[in-house]
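Heads up: the sequence shown at position 64 corresponds to 64 in full-length UniProt numbering, and the numbers run straight through without jumps. Okay, so here's the structure we're looking at.
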Amino acid sequence: MQKYRRRNTAAFTGVAYFTFFAGVALFCIGLYNETSLELNEKGYYIAVMILVAVGAILTQKVTRDNAEDKDIIAEQEKMQSNSNSSM
1 MQKYRRRNTA AFTGVAYFTF FAGVALFCIG LYNETSLELN EKGYYIAVMI
51 LVAVGAILTQ KVTRDNAEDK DIIAEQEKMQ SNSNSSM
């Protein structure tokens, strides 16, 4: 039986969380420093909101994939231990 491999590496998971939290932090910093919105500031907010959206999607995907992988790996280990104990 082929051993199941996780879909996401620890590095990808870390980047997904970092992207989300960095986007939220940059957006909050921008709101804190806001006095009047010029055209370049509007572009900054649009770019940061895109970053937050991508980070949220990646974080949701990574969290779901990691949870599914844990279940699959646990099931395979259970099947392997049952086959080893029956021998």
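Quick reminder that beta carbons are idealized off the backbone N, C-alpha and C, glycines included.
Alpha helix (DSSP H) segment containing residue i, residue limits
i	result
valine 85	Checking the sequence shown, residue 85 turns out to be serine, not valine. Unbroken alpha helix (DSSP H) run through serine 85: 39–85.
threonine 13	10–32
Whole-angstrom distance between residue j and residue i, CA atom to CA atom
i	j	result
aspartate 69	threonine 35	47 Å
aspartate 71	leucine 37	48 Å
tyrosine 32	glycine 23	14 Å
phenylalanine 21	arginine 7	22 Å
asparagine 84	alanine 74	15 Å
arginine 5	asparagine 82	20 Å
glycine 30	leucine 51	14 Å
glutamate 41	methionine 49	12 Å
lysine 61	alanine 25	21 Å
phenylalanine 12	methionine 79	29 Å
leucine 39	glutamine 76	55 Å
Residue of the options minimising C-alpha distance to residue i
i	options	result
alanine 53	Phe27, Gln80 and Gly14	Phe27
glycine 14	Ile46, Gly43, Ala56 and Gly30	Ala56
phenylalanine 18	Thr59, Ala47 and Tyr45	Thr59
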